[in-house]
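Undergrad:
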C-alpha cells in the first residue's frame, strides 16, 4: 500500500471510532436509572443526562409521614442522586 492508501484507511478507522463513541454517548444519555427513596416511600427515575422522568410514591408508606418529614426524605433522595451523578 502507498502512503495515501494508509491515510485513507486511518481516516476511515477514525471515522468509525468517532461514530461508535457518538452512539455510546447517545445511548448513555437515553439510559434511565431508578433511585429508591429513603424509608421505602418510593422511587424516582432519571435519564443519563440527569432529567427527572418519573416519581412513584408508595401511598401506604407516604401516609405515615408528616409533610415536613416526607419533604426531607424526598430531598435526601434527590441529593443522593445528585452526589452520585444521577441528576445534572
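In the working numbering, the protein residues as written are 9 to 96. Every residue, glycine too, gets a C-beta built ideally from N, C-alpha and C. Just so you know, these numbers come straight off a predicted model, no measurement behind them.
1. Can you tell me whether residue 49 is buried or exposed, with buried defined as 16 or more other CB within 10 angstroms of its CB?
2. Pairs of beta-carbons, one from the segment 34-42 and one from the segment 67-87, closer than 8 angstroms: are there three or more?
3. Can you check whether the CB of residue 37 is closer than 8 angstroms to the CB of residue 56?
4. Could you name each continuous beta strand (DSSP E) segment of 3 residues or more that falls completely within the segment 28-66, going from the start of the chain to the end?
5. Buried or exposed for residue 25, going by 16 or more other Cβ atoms inside 10 Å?
TA: On the basis of the data shown:
1. Walking along the chain shown from the start, residue 49 turns up at place 41. Answer is buried; the Cβ neighbour count reaches 16.
2. no
3. As a working mapping, residue 56 is identified with position 48 in the chain shown. As a working mapping, residue 37 is identified with position 29 in the chain shown. It is a contact, given that the beta carbons lie within the stated cut-off.
4. The segment 28-66 contains, as complete beta strand (DSSP E) runs of 3+ residues, the segments 40-44, 50-55, 60-65 (chain order).
5. The residue you call residue 25 lines up with position 17 of the chain shown. With fewer than 16 other Cβ atoms within 10 Å, it is exposed.
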